[in-house]
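Read through the structure below, which is laid out as structure tokens, and then see the notes.
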Amino acid sequence: MRGPGRRATTLLPAAVCALAGGCSQGGLAPQGPAARQIATILWALTITGGVVAVAVLLAWGWGVGRGRGAPAASTGEHAVEGAVEGADTAHDAVAESRLVRRFVIGGGVALPAVVVAGFFVVQVASSASPLAGGALTVEVTGHRYWWEVTYPDAAGADAFTTANEVRVPTGTPVTVVLRSEDVIHSFWVPQLAGKVDLVPGVERRLTFAADEPGTYAGFCAEYCGLQHTWMKFQVVALEPAAYEQWAAQEARPAAPPADELRAAGQDVFTTNSCVGCHTIRGVSDAGTAGPDLTHLASRDQIGAGVLPLTAANLAGWISNPQDSKPGAGMPPQSLSDAEIEALVAYLMSLE
Amino acid sequence: MPTTVTQRLDAAWSDQPGILGFLGSVDHKRVGRRYLVTAFAFLLVGGVEALLLRAQLATPGAEVVSAEVYNQLFTMHGTTMILLFAVPAEAAFANYVLPLMLGARDMAFPRLNMFSYWVFLLSGIFLYASFVVGSAPDGGWFAYPPLVLREWSPGPGMSFYAVGVVFLGLSTTAGAINFLVTTFKLRAPGMTVSRIPVFAWAMVAVAFMILFAWPSFTVAPLYLEFSRAWDMRFFDPAFGGDPLLWQHLFWFWGHPVVYVMLLPTTGIVTMVIETFSRRRIVGYPWVVAAILSTAVISFGLWVHHMFVTGLPNLTTSFFSAISMVVVIPSGVQFFAWIATLFDGRPRLHSPMLWAFGEMWFFLFGGISGVMVGIVHFDQLAHDSYFVVAHFHYVLAALVVFGMMAGLHMWGPKITGRMLHEGWAKAAFWVSFVGANLAFAPMHLLGLWGMPRRTFTYEADIGWDGLNLVSTIGSFLFGIGLVAAFANFLWSRRHGREAGDDPWGGSTLEWATTSPPPEYNFARTPVVTDRAPMWVAAEGARDQDLDLALAPADLGHEVFQVAGPEGGVEAVTHMPGPSFAPLWVALSLTTLATAMLLRSVVVALIAVIALVTAVGAWFWPRGDHA
Numbered sequence: 001m002r003g004p005g006r007r008a009t010t011l012l013p014a015a016v017c018a019l020a021g022g023c024s025q026g027g028l029a030p031q032g033p034a035a036r037q038i039a040t041i042l043w044a045l046t047i048t049g050g051v052v053a054v055a056v057l058l059a060w061g062w063g064v065g066r067g068r069g070a071p072a073a074s075t076g077e078h079a080v081e082g083a084v085e086g087a088d089t090a091h092d093a094v095a096e097s098r099l100v101r102r103f104v105i106g107g108g109v110a111l112p113a114v115v116v117a118g119f120f121v122v123q124v125a126s127s128a129s130p131l132a133g134g135a136l137t138v139e140v141t142g143h144r145y146w147w148e149v150t151y152p153d154a155a156g157a158d159a160f161t162t163a164n165e166v167r168v169p170t171g172t173p174v175t176v177v178l179r180s181e182d183v184i185h186s187f188w189v190p191q192l193a194g195k196v197d198l199v200p201g202v203e204r205r206l207t208f209a210a211d212e213p214g215t216y217a218g219f220c221a222e223y224c225g226l227q228h229t230w231m232k233f234q235v236v237a238l239e240p241a242a243y244e245q246w247a248a249q250e251a252r253p254a255a256p257p258a259d260e261l262r263a264a265g266q267d268v269f270t271t272n273s274c275v276g277c278h279t280i281r282g283v284s285d286a287g288t289a290g291p292d293l294t295h296l297a298s299r300d301q302i303g304a305g306v307l308p309l310t311a312a313n314l315a316g317w318i319s320n321p322q323d324s325k326p327g328a329g330m331p332p333q334s335l336s337d338a339e340i341e342a343l344v345a346y347l348m349s350l351e
Numbered sequence: 352m353p354t355t356v357t358q359r360l361d362a363a364w365s366d367q368p369g370i371l372g373f374l375g376s377v378d379h380k381r382v383g384r385r386y387l388v389t390a391f392a393f394l395l396v397g398g399v400e401a402l403l404l405r406a407q408l409a410t411p412g413a414e415v416v417s418a419e420v421y422n423q424l425f426t427m428h429g430t431t432m433i434l435l436f437a438v439p440a441e442a443a444f445a446n447y448v449l450p451l452m453l454g455a456r457d458m459a460f461p462r463l464n465m466f467s468y469w470v471f472l473l474s475g476i477f478l479y480a481s482f483v484v485g486s487a488p489d490g491g492w493f494a495y496p497p498l499v500l501r502e503w504s505p506g507p508g509m510s511f512y513a514v515g516v517v518f519l520g521l522s523t524t525a526g527a528i529n530f531l532v533t534t535f536k537l538r539a540p541g542m543t544v545s546r547i548p549v550f551a552w553a554m555v556a557v558a559f560m561i562l563f564a565w566p567s568f569t570v571a572p573l574y575l576e577f578s579r580a581w582d583m584r585f586f587d588p589a590f591g592g593d594p595l596l597w598q599h600l601f602w603f604w605g606h607p608v609v610y611v612m613l614l615p616t617t618g619i620v621t622m623v624i625e626t627f628s629r630r631r632i633v634g635y636p637w638v639v640a641a642i643l644s645t646a647v648i649s650f651g652l653w654v655h656h657m658f659v660t661g662l663p664n665l666t667t668s669f670f671s672a673i674s675m676v677v678v679i680p681s682g683v684q685f686f687a688w689i690a691t692l693f694d695g696r697p698r699l700h701s702p703m704l705w706a707f708g709e710m711w712f713f714l715f716g717g718i719s720g721v722m723v724g725i726v727h728f729d730q731l732a733h734d735s736y737f738v739v740a741h742f743h744y745v746l747a748a749l750v751v752f753g754m755m756a757g758l759h760m761w762g763p764k765i766t767g768r769m770l771h772e773g774w775a776k777a778a779f780w781v782s783f784v785g786a787n788l789a790f791a792p793m794h795l796l797g798l799w800g801m802p803r804r805t806f807t808y809e810a811d812i813g814w815d816g817l818n819l820v821s822t823i824g825s826f827l828f829g830i831g832l833v834a835a836f837a838n839f840l841w842s843r844r845h846g847r848e849a850g851d852d853p854w855g856g857s858t859l860e861w862a863t864t865s866p867p868p869e870y871n872f873a874r875t876p877v878v879t880d881r882a883p884m885w886v887a888a889e890g891a892r893d894q895d896l897d898l899a900l901a902p903a904d905l906g907h908e909v910f911q912v913a914g915p916e917g918g919v920e921a922v923t924h925m926p927g928p929s930f931a932p933l934w935v936a937l938s939l940t941t942l943a944t945a946m947l948l949r950s951v952v953v954a955l956i957a958v959i960a961l962v963t964a965v966g967a968w969f970w971p972r973g974d975h976a
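Just so you know, the protein sequences line up as chains A and B, in that order. What the first sequence shows, in the working numbering, is residues 1 to 351, in sequence order. What the second sequence shows, in the working numbering, is residues 352 to 976, in sequence order.
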């Protein structure tokens with residue numbers, strides 16, 4: 001679209017947003033082609049729907065206004081006074097068919113038919129995705145209640161796995177391959193794309209791209225149990241160079257502990273139940289039930305969004321995850337304060 | 352030996368006094384009143400659950416309820432509002448009003464009718480017993496496997512749900528059969544198909560929908576319970592099952608059930624607008640055709656609940672197109688109402704205000720419904736608060752306001768007393784403002800990215816303002832509805848006497864006393880017009896309604912009509928009071944409990960009780976008086 005049409009499609013939403021006071025978020029603030037397509041459709045539907053609503057309200061108000069203005073023959077017999085209209089005379093039959101033509105056929109059939117036909121054209125026209133296949137593939141597996149994120153073919157690096165965070169290069173179509181290990185989840189980043197369910201037993205794909213560097217909130221959108229609320233994630237878009245640097249770093253095994261405290265922390269990790277569920281590449285890759293911790297310190301959050309990642313939060317989380325996220329898969333850990341201090345120091349060093 | 356007509360009819364139709372009369376009654380008006388009281392009691396329960404949910408969401412990070420309780424509350428809120436309030440409340444109106452409106456003395460199968468009520472009551476208690484044992488269902492009211500399978504929902508909660516909804520379905524199905532047969536066979540002589548009131552047509556459409564949709568919602572929960580009890584693999588992809596099988600079966604029922612809730616209320620609104628505009632509904636054949644075609648089209652919409660499950664483009668486009676088509680019959684009904692207002696003389700009494708409320712929510716809920724019918728938009732709106740806003744506009748607002756219109760119009764018929772008009776209007780405005788405040792902000796929250804079924808949200812993301820507004824609105828809505836019910840209770844004692852026909856209504860329920868006698872009509876009316884009470888000259892009307900037919904009129908008999916013309920075909924003796932319906936319902940409760948306990952012994956006891964109860968039900972009566 002060009003010229004005045006284009007200006008209208010950008011200005012009108014902007015004006016409505018200013019009035020509503022909030023297009024700063026989610027689907028109303030698209031940051032990529034897939035979400036932008038949806039936002040365009042959203043505005044087309046909202047504006048058309050608004051016009052239809054106003055038209056119907058006017059017709060309704062006119063109907064009530066004219067009807068109330070008509071002279072009423074009061075009989076005093078009933079609470080609702082006035083003689084009854086529409087008896088079966090020839091005159092009434094003509095009036096009736098005129099009303100049916102104007103209102104029922106004109107307003108009730110023709111108006112919605114035209115509008116929904118238009119909507120359906122939008123539907124068909126938008127069925128093609130704005131993005132072809134992705135240049136980068138990321139495999140995302142849903143677990144109750146966290147996201148396992150694997151980069152199978154990171155350029156020039158080995159496959160690596162992280163959790164609750166999908167880092168992507170800006171301007172690059174990314175195809176997410178979605179699977180579930182347990183129940184149905186749904187992968188939703190409102191600013192970047194529509195949602196797609198993760199259905200056990202099948203593989204679903206979603207392609208999106210982010211225009212600008214930034215952190216975009218992601219949600220599990222299909223109710224998956226007790227902590228469905230705290231099954232969040234982030235899509236972090238980086239400039240391509242920064243992304244390559246990050247990917248190269250992620251592909252490396254964990255750095256060896258730099259001091260005694262951290263070495264003690266690594267010992268705590270390997271000699272307790274931690275290794276049963278978690279992998280730290282270069283230390284132990286036996287655990288697959290919980291998030292990969294190889295580069296835990298490069299992430300922003302713990303517990304799929306329930307807490308920001310700080311040393312204090314991590315210590316609290318390890319000693320009892322059920323405090324902040326009842327129903328999380330990780331049980332409380334009976335470690336001494338000294339053990340937890342060492343473990344946290346070690347984990348916080350895993351950049 | 353009673354001598355006068357009314358004495359003889361009283362003797363033939365009255366229940367015995369006391370508890371035995373109460374338990375054995377099969378009078379459709381008693382059934383209707385019980386349905387009404389029970390369904391609205393469940394509305395209060397579901398409403399309290401809703402307010403707890405809203406209190407939790409009023410502020411970020413609140414701890415009004417725990418995540419566990421929140422999940423139980425939203426699951427039971429949805430289950431209660433749809434299955435224990437909305438659908439039974441429609442049945443309540445149909446039970447009370449339909450036979451009166453048709454000029455009949457009772458429902459076609461009075462014992463089956465009482466059975467419907469007992470099963471409704473007992474299955475409601477069964478579902479709520481889950482709270483007592485500390486394991487309420489928490490898998491969401493649409494209960495998607497694998498989440499609700501034993502592996503992920505080990506407690507008995509989802510078994511209460513699966514067994515409870517199958518049990519409750521018996522009640523709904525029995526009710527539907529009654530609505531259909533009553534309308535087709537027991538309407539007043541002379542009531543041709545083109546003279547059947549719009550509300551009755553709506554119930555016919557609803558009954559057909561129930562009969563075609565409910566089998567799906569019987570099979571699916573049974574599959575679920577078999578999977579939970581005996582590890583059957585209907586939904587397990589590792590064994591060739593499919594989690595999406597549940598979603599297809601569920602929504603094949605779940606979409607038509609939206610119209611099962613909606614169409615009776617549009618029927619009510621049609622009757623209200625006709626009555627209070629002093630004008631027959633414009634385009635009657637169009638309105639009836641719209642209702643019937645909505646019923647048919649509603650079976651082609653279910654996949655629009657599954658647009659993000661990864662179905663092929665062609666499939667989603669087809670269902671998207673059908674979702675657009677269903678707008679047209681809705682438009683027909685809406686504009687028929689506008690035309691009636693336009694050509695009539697609308698009077699804004701309280702029933703009319705509530706009806707206007709329904710129209711308002713119909714308009715906006717309809718528009719947002721079309722929006723979510725577009726696949727790409729749905730990928731944004733699905734399972735977000737936008738969808739919560741949409742279906743609360745339709746179900747919580749449209750349906751409730753339509754019912755309140757009916758309650759305010761027919762309340763005086765039921766109690767014999769007028770409501771306080773000023774109070775009724777005040778309750779309307781509080782409810783109207785409250786419902787809009789509660790549900791309108793949710794549209795924006797959903798577009799912002801708030802997923803449904805989340806028990807809290809962070810403080811720094813800007814969702815707190817609209818959530819607080821929504822909570823305030825929901826409390827206002829609750830206050831408005833409670834005020835309306837208080838008015839109803841007040842009117843029973845203090846209201847002005849209503850008389851037979853306080854509004855000058857068009858249909859036959861206004862031809863008898865308020866409340867009507869047990870036999871409804873001393874003389875069966877003969878219908879010569881679509882609006883029998885409005886037949887042009889008052890004299891002619893009285894003459895028509897006075898046409899007494901046959902001496903059999905004076906016993907426990909009804910006229911049975913045949914064909915589209917509604918000519919008298921037979922005089923049928925009606926079954927009297929019986930404890931068998933209650934006995935059968937209690938046996939079924941025992942059977943449901945046996946399924947829950949997985950106990951063969953209890954199941955055997957239940958089956959024996961059931962067989963004897965059915966035997967008692969069908970025992971030859973020999974009471975042809």
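Ideal placement from N, C-alpha and C gives every residue a C-beta, glycine not left out.
Expected contact under 8 Å - CB spacing of residue i and residue j to nearest Å
i	j	result
B:Phe712	B:Gly454	Contact doesn't hold; Cβ gap of about 33 Å is too wide.
B:Ala943	B:Ala964	Not a contact, Cβ separation roughly 15 Å.
A:Leu206	A:Val176	5 Å
Enclosing beta strand (DSSP E) for residue i [first to last residue]
i	result
A:Cys365	Chain A is shown from 1 up to 351; residue 365 of chain A falls before or after that span and cannot be answered.
Outcome for residue i when other beta-carbon atoms lying within 10 angstroms are tallied against a minimum of 16
i	result
B:Trp552	buried
A:Ile241	Here residue 241 of chain A turns out to be Ala, not Ile, going by the sequence shown. By the 10 Å Cβ count, A:Ala241 comes out exposed.
B:Gln358	exposed
B:Ile476	exposed
B:Ala976	In this prediction, B:Ala976 has a pLDDT of 39, which is less than 50 and means its spatial position is unreliable; nothing more can be read from the coordinates.
B:Phe373	exposed
A:Glu77	At A:Glu77 the pLDDT is 43, less than 50, meaning the model places this residue with poor confidence; the figure from the coordinates comes in the next sentence. Per the 10 Å Cβ criterion, exposed.
B:His845	exposed
A:Gly282	exposed
Contact list for residue i against chain B, beta-carbon separation under 8 Å
i	result
A:Gly214	None at all; the shortest Cβ gap to chain B is about 15 Å.
A:Gly32	Within 8 Å Cβ-Cβ: nothing; A:Gly32 doesn't reach chain B, min ~13 Å.
Closer than 7 Å at the beta carbon, the chain A residues around residue i
i	result
B:Leu595	Val199
B:Val623	The contacting residues do not exist; B:Val623 stays about 11 Å from chain A at best.
Amino acids of chain B, ordered along the chain, whose beta-carbon sits closer than 7 Å to that of residue i
i	result
A:Val354	What is shown of chain A runs 1 to 351, which leaves residue 354 of chain A out entirely.
A:Phe219	Gly800 and Pro802
Terminal residues of the alpha helix (DSSP H) in which residue i lies
i	result
B:Thr805	Run containing B:Thr805: none; DSSP gives neither H nor E here.
B:Gly618	Pro594 to Ser628
A:Pro359	Only positions 1 to 351 of chain A appear in this structure, which leaves residue 359 of chain A out of reach.
B:Arg384	His379 to Leu408
B:Tyr447	Val438 to Met452
A:Tyr151	Element bounds for A:Tyr151: not the alpha helix (DSSP H) but the beta strand (DSSP E), Trp146 to Tyr151.
B:Thr963	Val951 to Phe969
Proximal chain B residues relative to residue i, where beta-carbon distance stays under 9 Å
i	result
A:Gly108	Gly634, Trp637, Ala641, Ile679, Pro680, Ser681, Gly682, Val683, Gln684, Phe685, Phe686, Ala687, Ile689 and Ala690
A:Pro308	Residues of chain B passing the Cβ test: none, with the nearest at roughly 10 Å.
Closer than 8 Å between beta carbons: that is the criterion. Which residues of the stretch 112 to 144 of chain A meet it against chain B?
Going along the stretch 112 to 144 of chain A in chain order, one finds Pro112, Ala113, Val115, Val116, Ala117, Phe119, Phe120, Val122, Gln123, Val124, Ser126, Ser127 and Arg144 with a Cβ nearer than 8 Å to chain B.
Can you list, in chain order, the residues of the stretch 648 to 673 of chain B whose Cβ is nearer than 8 Å to any Cβ on chain C?
Among the protein chains in the structure shown, which are A and B, there is no chain C.
Members of the stretch 301 to 325 of chain A that neighbour chain B once the beta carbon cut-off is set at 8 Å:
none
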